[in-house]
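Read in order, the letters of the sequence shown are residues 181 to 684 in our numbering.
For each residue, glycine too, the CB sits at the ideal point set by N, CA and C.
If you're wondering where the values come from, they're calculated on a predicted model, not measured in any experiment.
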Amino acid sequence: MKGAFRQSMGWVHIWAGLVAGWVSFFIFLTGTAGYFDTEIDRWMQPERPLPQAAVPMEAAVAMGLRRLMAEAPNAERWFMGLPGHRAPELTLIWRTPSGADGASGRVDLDPVTGEPVRRRATGGGQLLYQMHYDLHYLPARTANWIVGVCTMLMLVAIVTGVIVHKRFFRDFFTFRSGAGQRAWLDAHNVLGVLALPFHLMIAYSGLIFFAYLYMAPVIAASYGVQPDARDTYFNELSGRDRIVARAGNPATLAPLGPVLRRAENAIENGALLFINLYNPGDANARIVVTGGAPTPTLARTSMEFDGVTGDLLRTSAQRSAPFAAYQTLLGLHEGLFAGPVLRWLYFLSGLMGTAMIGAGLVLWTAKRRARIGDTFGFRLVERLNIGTIMGLPVAVAAYFWANRLIPVGIEGRAAWEAHAMFIVWAAMLLHAFVRPARRGWVEQMWIAAGTFGLLPVLNALTTDRHLGVTLPAAMWELAGFDLTMLVMGAAFAFTAWMAGRAPA
């Protein structure tokens with residue numbers, strides 16, 4: 181009975197992993213890159229000024245307020261994202277009521293000079309991060325459903341993989357290099373076991389991210405199907421109250437200095453993150469200051485002030501247990517709280533998850549080559565493996581190459597960076613189908629080695645923020661990117677060399 185159960189779980193593990201494998205590989209790879217999204221943004225916008233001495237908070241906010249008054253005096257909402265370690269700019273966003281003069285917009289200011297930061301249009305690391313849940317070209321809801329189904333299958337594959345393992349911890353220390361099918365099995369097992377807690381957390385929390393979408397009928401049954409039903413649900417879940425509507429009577433906004441000082445004294449570590457100003461210039465203006473120390477629970481304190489008198493109206497209520505659990509899972513998934521060391525652990529765990537999926541896909545073909553190697557289905561899976569496992573990393577590298585090669589002033593520049601990525605990926609898939617499988621693997625490994633390893637050279641030829649400058653100046657955000665590309669290029673070159681020497 182026990183053997184039959186394990187055998188059935190093995191069947192589920194194999195087919196859940198195969199069906200979701202290629203999309204899951206894409207999700208894991210682009211999501212892993214997202215852990216360094218702001219660092220990738222920084223590299224892809226070399227024109228941005230280097231971080232300078234911190235500007236006093238009140239001075240930066242006053243500067244932002246003047247800019248918002250000039251840009252959008254009739255806005256219904258102003259937002260200020262305050263400078264931080266990973267994002268040193270002052271971010272201003274405004275939203276104008278439909279039908280009013282002007283439009284919604286955004287500008288990032290240098291907090292030292294107060295001038296807009298001039299930089300090339302690019303999707304940056306944010307685009308890679310967004311790809312792992314919106315799949316870029318698909319409608320958002322369709323993409324979210326595809327990602328959700330694949331994430332569920334991935335979670336099933338992980339759980340059944342644990343059940344199938346009779347020698348769970350013993351296999352952790354087993355790797356038989358050069359043994360063909362057994363080597364792929366050992367690689368798949370070791371990569372799966374080494375970061376197993378991360379794999380389970382990332383798959384389960386990924387499902388929770390869009391629970392409101394997957395369980396929409398449950399929400400509709402309680403809150404109805406009106407356009408604002410989902411907002412009502414989230415407000416009740418989070419304990420937030422709606423901001424009062426405009427009164428229609430002009431009024432002067434209260435000085436922000438005393439408001440900020442009071443918030444700094446009340447919020448843990450005085451760490452202010454952002455400010456929302458609702459109904460500015462109106463008698464019902466509200467100032468909401470949000471802050472808190474970075475934690476995986478996403479626990480933040482919001483203080484709402486009267487925008488005319490500056491009086492404190494309320495402080496955010498203690499979260500309900502369900503909402504606290506929901507935010508903790510989201511916080512663990514995103515890893516925004518992580519410092520440099522933990523962020524690298526997130527990144528390496530994500531790479532191990534990506535490699536685990538790739539090894540599992542290759543293992544499927546290795547186990548079936550002798551039996552069904554001449555069938556259409558086998559050849560299709562094998563070519564998709566080559567074009568995805570090797571082709572997608574090449575495409576990501578092409579995305580970085582496009583950032584340096586596409587003219588800065590061209591219309592739709594950011595979109596063309598993304599187009600370049602998918603055009604190259606399509607070319608790699610085509611290459612995989614027209615070349616013999618073994619040659620296809622080795623050739624794409626060498627292409628990956630070149631596209632990653634030569635990126636620092638391209639950077640040195642096109643900007644003044646290369647390793648010769650960034651290493652002596654300890655600009656680790658920029659130097660770290662180039663060094664990581666060199667390491668990845670060397671890893672792909674070593675893999676290509678080993679694959680080329682292996683017996684057929």
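Residues near M189 by beta carbon distance below 7 Å, same chain, minus five either side: Here residue 189 is taken as the residue at index 9 of the sequence shown, counted from 1. Closer than 7 Å at Cβ, skipping near neighbours: T340, I343 and V344.
Contacting residues, own chain, Cβ-Cβ under 8 Å from V488 (five flanking each side not counted): Working through the sequence shown from its first residue, we reach residue 488 at position 308. Same-chain partners within the cutoff: A431, T432, L433, A434, A463 and A465.
Cβ-based burial, F674 [other Cβ within 10 Å; buried from 16]: Reading the sequence shown from its first residue, position 494 is the one you call residue 674. So F674 counts as exposed.
Cross-strand partners of M260 (DSSP beta bridge): On the sequence shown, residue 260 is found 80 positions in, with the first residue counted as 1. Beta bridge pairing from DSSP links M260 with L272 and I455.
C-beta atoms of M665 and F613 nearer than 7 Å: Taking the first residue of the sequence shown as 1, we reach residue 665 at position 485. Taking the first residue of the sequence shown as 1, we reach residue 613 at position 433. Here M665 is not near F613, since their CB atoms are 7 Å or more apart.
Status (buried if at least 16 other CB within 10 Å, exposed otherwise) for G279: Taking the sequence shown and counting its residues from 1, one reaches residue 279 at position 99. For G279, the predicted structure reports a pLDDT of 47, less than 50, and the residue's modelled location is therefore unreliable. The matter cannot be settled from this model.
Reduced DSSP category for T555 - H, G, I as helix; E, B as strand; rest coil: Here residue 555 corresponds to residue number 375 of the sequence shown, with the count starting at 1. Coil, per DSSP.
Close-in-space but distant-in-sequence residues of the same chain around A409 (CB under 8 Å, 5 per side omitted): In the sequence shown, residue 409 corresponds to position 229, counting from 1. Only I399, A400 and Y403 meet the Cβ criterion.
Cβ pair count under 8 Å reaching 3, the segment 200-216 against the segment 327-334: Flag = yes, the segment 200-216 and the segment 327-334 touch.
Candidates P268, L492, A539 and R321: closest to D690 by CA position: Nothing in the structure corresponds to residue 690, since the chain is present only between 181 and 684.
G279 - DSSP class collapsed to helix/strand/coil: Taking the first residue of the sequence shown as position 1, residue 279 is located at position 99. Residue placement at G279 cannot be trusted, given a pLDDT of 47 that sits under 50; the coordinates are not used to answer.
Run of the alpha helix (DSSP H) containing M237, from where it starts to where it stops: Counting from 1 along the sequence shown, the entry for residue 237 is found at position 57. Element bounds for M237: M237 to E251.
Range of the contiguous alpha helix (DSSP H) that encloses L436: To locate residue 436, count along the sequence shown from 1; it is residue 256. It spans L436 to A446 - the alpha helix (DSSP H) in which L436 sits, taken as one unbroken run.
Rounded separation between R551 and I338 - CA only: Numbered from its first residue, the sequence shown carries residue 551 at position 371. Numbered from its first residue, the sequence shown carries residue 338 at position 158. Going by the C-alpha atoms only, they are around 26 Å apart.
Limits of the alpha helix (DSSP H) - the one that R618 falls within: Taking the sequence shown and counting its residues from 1, the one referred to as residue 618 is at position 438. Looking at the DSSP string, the run of the alpha helix (DSSP H) that includes R618 is A617 to G633.
Inter-residue Cα distance where the pair is V637 and R619: Here the question's residue 637 lines up with position 457 in the sequence shown. Here the question's residue 619 lines up with position 439 in the sequence shown. The alpha-carbon of V637 is positioned some 27 Å away from that of R619.
7 Å Cβ shell around G197 - same chain, five flanking residues per side excluded: Within the sequence shown, numbered from 1, the residue matching residue 197 stands at position 17. These residues qualify, in order along the chain: A337 and G540.
Endpoints, alpha helix (DSSP H) assigned at F674: Walking along the sequence shown from the start, residue 674 turns up at place 494. Residues W656 to R681.
Beta-carbon gap between V287 and L307 smaller than 7 Å: Residue 287 sits at position 107 when you count from the first residue of the sequence shown. Residue 307 sits at position 127 when you count from the first residue of the sequence shown. No; because the gap between Cβ atoms is not below 7 Å, this pair is not in contact.
Secondary structure, alpha helix (DSSP H): runs of 4+ residues fully inside the segment 353-408: The qualifying runs are 361-374, 376-389, 391-394 and 396-403.
Under 7 Å between C-beta atoms of V604 and W364: By one-based count along the sequence shown, residue 604 stands at place 424. By one-based count along the sequence shown, residue 364 stands at place 184. No, the pair does not count as a contact, with Cβ atoms beyond the cut-off.
Span separating the alpha-carbon of E623 from that of V667: If you number the sequence shown from 1, residue 623 lands on position 443. If you number the sequence shown from 1, residue 667 lands on position 487. If you take the alpha carbons of E623 and V667, they lie about 19 Å apart.
C-beta contact flag for R257 and R275 at 7 Å: Position 77 of the sequence shown, counted from the start, is the residue given in the question as residue 257. Position 95 of the sequence shown, counted from the start, is the residue given in the question as residue 275. Against a cut-off of 7 Å, the Cβ pair of R275 and R257 comes out as a contact.
Contact check, A676 vs W626, beta carbons under 7 Å: Stepping through the sequence shown from its first residue, residue 676 is reached at position 496. Stepping through the sequence shown from its first residue, residue 626 is reached at position 446. Their beta carbons are under 7 Å apart, which means A676 touches W626 by this criterion.
Segment limits, alpha helix (DSSP H) that includes F613: The sequence position of residue 613 within the sequence shown is 433, counting from 1. First-last of the alpha helix (DSSP H) with F613: R593 to V614.
Bounding residues of the beta strand (DSSP E) (the contiguous stretch that carries R286): For this step, residue 286 is matched to residue 106 along the sequence shown. Counting along the chain, R286 sits inside the beta strand (DSSP E) bounded by residues G285 to L289.
Residue range of the alpha helix (DSSP H) that includes T650: The count along the sequence shown starts at 1 and reaches residue 650 at position 470. Boundaries of the alpha helix (DSSP H) harbouring T650: L647 to T650, taken from the DSSP string.
Residue-level contact to chain D via CB, V468, 7 Å cutoff: Reference to chain D is not applicable here, since this structure consists of a single protein chain.
Selection from G461, S418 and G630 that minimises the alpha carbon distance to A427: Here residue 427 is taken as the residue at index 247 of the sequence shown, counted from 1. With distances taken between CA atoms, A427 lies nearest to G461 out of G461, S418 and G630.
Cβ pair R593, T642 closer than 7 Å: Translated into the one-based positions of the sequence shown, residue 593 becomes position 413. Translated into the one-based positions of the sequence shown, residue 642 becomes position 462. Taking 7 Å as the Cβ cut-off, R593 and T642 do not qualify as a contacting pair.
Simplified DSSP state of T470, which is helix, strand or coil: Here residue 470 refers to the residue found at position 290 when the sequence shown is read from its first residue. Strand, per DSSP.
Distance between beta carbons of N456 and A473, contact taken as under 8 Å: To locate residue 473, count along the sequence shown from 1; it is residue 293. To locate residue 456, count along the sequence shown from 1; it is residue 276. In this structure, A473 and N456 do not form a Cβ contact; the two beta carbons are roughly 20 Å apart against a cut-off of 8 Å.
Any 3 or more C-beta pairs closer than 8 Å across the segment 374-384 and the segment 526-536: Here the segment 374-384 makes contact with the segment 526-536; the two share three or more CB pairs at distances below 8 Å.
Top-ranked residue by Cα proximity to E269, from A240, W191, A505 and G630: Translated into the one-based positions of the sequence shown, residue 269 becomes position 89. Closest in C-alpha terms to E269, from the list A240, W191, A505 and G630, comes A240.
For T495: DSSP bridge partner residues: Against the sequence shown, residue 495 aligns to sequence position 315. Paired residues: M483.
Contact set for M655: own chain, Cβ-Cβ below 8 Å, skip 5 residues either direction: The count along the sequence shown starts at 1 and reaches residue 655 at position 475. Counting only residues of its own chain and dropping the five nearest sequence neighbours on each side, M655 has a CB closer than 8 Å to the CB of L230, R645 and V649.
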